[in-house]
Amino acid sequence: MDGKLHLLLTSNFSSLDESTQEEIYKNFYKFVYRIALYVLKDHDEAEDVVHEAFIKTIYHAPPVENERQLRAWIRVVTRNLTLNIQTGQ
């Protein structure tokens, strides 16, 4: 990621200009989709994980000190959402 992921936490995402929102989402998508698709082997389910993880990140991310910690938290959220889908929860 290019270092803009922290904008999901430090500002109101909806207040960012549209091109910045799109850039952040595209980077987030690439990061999370890869993880979810590897486990689920299904494009639609992987996209569901991306969308749900994005919403959780915007509204429920814990306080973190840096983007590396945020990425680690997103990985855990992605793993948990993926496992929920895999087990049918």
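Adding 643 to a residue's 1-based position in the sequence shown gives its number in the working numbering.
Glycine included, each C-beta is placed from N, C-alpha and C at the ideal position.
Spatially closest choice to residue i from the options, by CA coordinates
i           : options               : result
residue 730 : 657, 671, 682 and 652 : 682
residue 675 : 685, 689, 662 and 663 : 689
residue 714 : 671, 693 and 694      : 671
residue 694 : 662, 712, 720 and 655 : 720
Supposed close pair residue i, residue j - CB separation, criterion 8 Å
i           : j           : result
residue 667 : residue 652 : About 11 Å separates the two Cβ atoms, so there is no contact after all.
residue 706 : residue 716 : The pair is not a contact, with the Cβ atoms about 10 Å apart (cut-off 8 Å).
residue 728 : residue 691 : 7 Å
Limits of the unbroken alpha helix (DSSP H) element including residue i
i           : result
residue 663 : 661-683
residue 708 : Here residue 708 belongs to no alpha helix (DSSP H), and DSSP marks it neither H nor E.
With three or more beta-carbon pairs closer than 8 Å as the criterion, would you say the stretch 686-702 touches the stretch 714-727?
At 8 Å Cβ cutoff, the stretches touch.
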